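K.L.:
Dropping a structure here in structure tokens format, bear with me for questions.
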Amino acid sequence: MALHVIVGTGPVGTATARLLAERGEQVRVVSRRGNGPEHPAIERVAADAADAERLTTLTTGAQALYNCANPAYHRWPTDWPPLAGALLAAAERTGAVLATVGNLYGYGPVDGPMTEQTPENAAGTKGRVRNRMWADALAAHRADRVRVTEVRGSDYVGAGGTSLAMMVLPRVLAGQRVFLPVDWDAPHTWTYIADVARTLVAAAADPQAWGRAWHVPSAPAAPMRELANRAAALAGAPAPKLIRMPYPVLWLGGLTDPFIRELRETAYQFDRPFLMDSTAATATLGVRPTPIDQVVKETVGALRR
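Mapping of the sequence shown onto the working numbering: residues 10 to 314, in sequence order.
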């Protein structure tokens, strides 16, 4: 029974911990408050993961160290560098594989489907922060100091997710109007949280996966309107009332709300097709995406609960 250390207890960290525990592995979850899923195989530890010495102690003897952390959106430039540095140092000192949950921000606006070979031309600060983290990890890997991998998903759907879809669907189920800066009919790739966990664990365990990034296997792209319609039909809710917010309204909202201000940087993801190709991970790691009908059904069930 191998030890696996997970930093972060958000939706992906929680799903990863449960997946490993159910497979009979020993799991140690690290968070500032010491919270996390309850399971006999899961040990919950309160610690500051940006403390490299403490994290090294907690990771000693582990097979893999999973970076599932997610600092506050507007604090990425200040909070990610020390945290990423501590994770990399702990992996290097202990020999644990460092498996990081990334995203697609680093590519910036792209015409056509994104692959793992798409140039990393980040459009804003958050994307550049993620690119710097990956560049540092990859440099250490190529210098034979550590073994690293990264999995990247599109916007998450599923219980606990905080993506745009998970902002929209509760309002749709409640029969409320939704007013957001979104092209409701643009094809969009959605990534199921459980599929992120499965891909992360597979990549950490497979030497073929080390030293590169992987896109999480995700169902074929679907517009937000289609996702909303499916959810409403399943729940017996009225037809969704989806209205596109003009960009100037988003810009004005950002003057007083830091979260909305941060959304300006990634607004391009929702005003055109946003497509991710994940065939490489399916071919190499054997992970297949959960069908979109099942994803919507489980998401609606979780929202109802």
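In this text, a Cβ means the ideal position worked out from N, Cα and C, and glycines have one as well. This one's a predicted model, so the numbers in the text were calculated from it and none came from an experiment.
Is it right to say residue 176 is buried, meaning 16 or more other beta carbons lie within 10 angstroms of its own, or is it exposed?
P.N.:
The residue given as residue 176 occupies position 167 in the sequence shown. Answer is exposed; the Cβ neighbour count stays below 16.
K.L.:
Going straight from the alpha carbon of residue 194 to that of residue 232, what length do you get?
P.N.:
Against the sequence shown, residue 194 aligns to sequence position 185. Against the sequence shown, residue 232 aligns to sequence position 223. Whole-angstrom Cα-Cα distance: 5 Å.
K.L.:
Which word fits residue 101, buried or exposed, when buried means at least 16 other C-beta atoms lie within 10 angstroms of its C-beta?
P.N.:
By one-based count along the sequence shown, residue 101 stands at place 92. Buried, by the Cβ-count rule.
K.L.:
Please classify residue 313 as buried or exposed, where buried requires at least 16 neighbouring CB atoms within 10 angstroms.
P.N.:
Walking along the sequence shown from the start, residue 313 turns up at place 304. Exposed.
K.L.:
From the DSSP secondary-structure annotation, give me the bridge partner or partners of residue 158.
P.N.:
Here residue 158 corresponds to residue number 149 of the sequence shown, with the count starting at 1. Partner(s): 108.
K.L.:
Using a 10 Å radius around the Cβ and a threshold of 16 neighbouring Cβ atoms, would you call residue 297 buried or exposed?
P.N.:
Here residue 297 refers to the residue found at position 288 when the sequence shown is read from its first residue. Its Cβ having fewer than 16 others within 10 Å, residue 297 is exposed.
K.L.:
When the Cα atoms are used, what is the spatial distance from residue 196 to residue 83?
P.N.:
The residue labelled residue 196 in the question sits at position 187 within the sequence shown. The residue labelled residue 83 in the question sits at position 74 within the sequence shown. Computed Cα separation, rounded: 27 Å.
K.L.:
Let's test the definition: count the other Cβ atoms within 10 Å of the Cβ of residue 73 and tell me whether it reaches 16, buried, or not, exposed.
P.N.:
Within the sequence shown, numbered from 1, the residue matching residue 73 stands at position 64. Label assigned to residue 73: buried.
K.L.:
Among residues of its own chain, excluding the 5 on either side of residue 254, which ones have a beta-carbon nearer than 7 Å to its beta-carbon?
P.N.:
As a first step, residue 254 is located in the sequence shown; it is residue number 245 there, counting from the start. Same-chain partners within the cutoff: 188, 189 and 190.
K.L.:
Quick one: measure Cβ to Cβ for residue 213 and residue 158, integer angstroms, because I've assumed they're closer than 8 Å.
P.N.:
Translated into positions along the sequence shown, residue 213 becomes position 204. Translated into positions along the sequence shown, residue 158 becomes position 149. Right, their Cβ atoms sit about 7 Å apart.
K.L.:
If you draw a straight line from the C-alpha of residue 69 to the C-alpha of residue 181, how long is it?
P.N.:
Within the sequence shown, numbered from 1, the residue matching residue 69 stands at position 60. Within the sequence shown, numbered from 1, the residue matching residue 181 stands at position 172. So the two alpha carbons sit approximately 47 Å from each other.
K.L.:
Using a Cβ-Cβ cutoff of less than 7 Å, which residues in the same chain neighbour residue 79 once the five nearest sequence positions on both sides are dropped?
P.N.:
Stepping through the sequence shown from its first residue, residue 79 is reached at position 70. These residues qualify, in order along the chain: 17 and 19.
K.L.:
Using DSSP with H/G/I as helix, E/B as strand and the rest coil, what is residue 42?
P.N.:
Locating residue 42 in the sequence shown gives position 33, where the first residue counts as 1. DSSP places residue 42 in coil when its eight states are reduced to three.
K.L.:
Could you tell me whether the Cβ atoms of residue 75 and residue 14 are closer together than 8 Å?
P.N.:
For the purposes of this step, residue 75 is taken as residue 66 along the sequence shown, with counting starting at 1. For the purposes of this step, residue 14 is taken as residue 5 along the sequence shown, with counting starting at 1. Yes, these two residues count as a Cβ contact at 8 Å.
K.L.:
Would you kindly work out how many angstroms separate the C-alpha atoms of residue 230 and residue 192, rounded to a whole number?
P.N.:
Residue numbering aside, residue 230 sits at position 221 when the sequence shown is read from its first letter. Residue numbering aside, residue 192 sits at position 183 when the sequence shown is read from its first letter. Going from the Cα of residue 230 to the Cα of residue 192 covers about 14 Å.
K.L.:
Could you tell me if residue 278 is buried or exposed, where buried requires 16 or more neighbouring beta carbons within 10 angstroms of its beta carbon?
P.N.:
Taking the sequence shown and counting its residues from 1, the one referred to as residue 278 is at position 269. Burial call: buried.
K.L.:
Are the region 28-38 and the region 88-96 touching by the rule of at least three beta carbon pairs closer than 8 Å?
P.N.:
The region 28-38 vs the region 88-96: no contact.
K.L.:
Assuming residue 285 and residue 227 make a contact with CB atoms under 8 Å, what is their CB distance in whole Å?
P.N.:
Numbered from 1 along the sequence shown, position 276 holds the residue referred to as residue 285. Numbered from 1 along the sequence shown, position 218 holds the residue referred to as residue 227. Going by Cβ atoms, the distance from residue 285 to residue 227 rounds to 6 Å, so yes, they are a contact pair.
K.L.:
Residue 172 to residue 203, Cα distance in whole Å?
P.N.:
Counted from its first residue, the sequence shown places residue 172 at position 163. Counted from its first residue, the sequence shown places residue 203 at position 194. The alpha-carbon atoms of residue 172 and residue 203 are separated by roughly 15 Å.
K.L.:
How is the alpha helix (DSSP H) around residue 223 delimited, first residue to last?
P.N.:
As a position in the sequence shown, residue 223 is number 214, starting the count at 1. First-last for residue 223: 222-224, but that is the beta strand (DSSP E), not the alpha helix (DSSP H).
K.L.:
Pick out the complete beta strand (DSSP E) segments inside the region 22-102, 3 residues or longer, and give them in chain order.
P.N.:
Whole beta strand (DSSP E) segments, 3+ residues: 35-40, 51-55 and 71-76.
K.L.:
Measure the CB-CB distance between residue 106 and residue 156 and report whether it falls below 8 Å.
P.N.:
The count along the sequence shown starts at 1 and reaches residue 106 at position 97. The count along the sequence shown starts at 1 and reaches residue 156 at position 147. Closer than 8 Å, so yes.
K.L.:
Quick check: the Cα distance between residue 248 and residue 184, rounded to an integer number of angstroms?
P.N.:
Taking the sequence shown and counting its residues from 1, one reaches residue 248 at position 239. Taking the sequence shown and counting its residues from 1, one reaches residue 184 at position 175. Approximately 8 Å between the Cα atoms of the pair.
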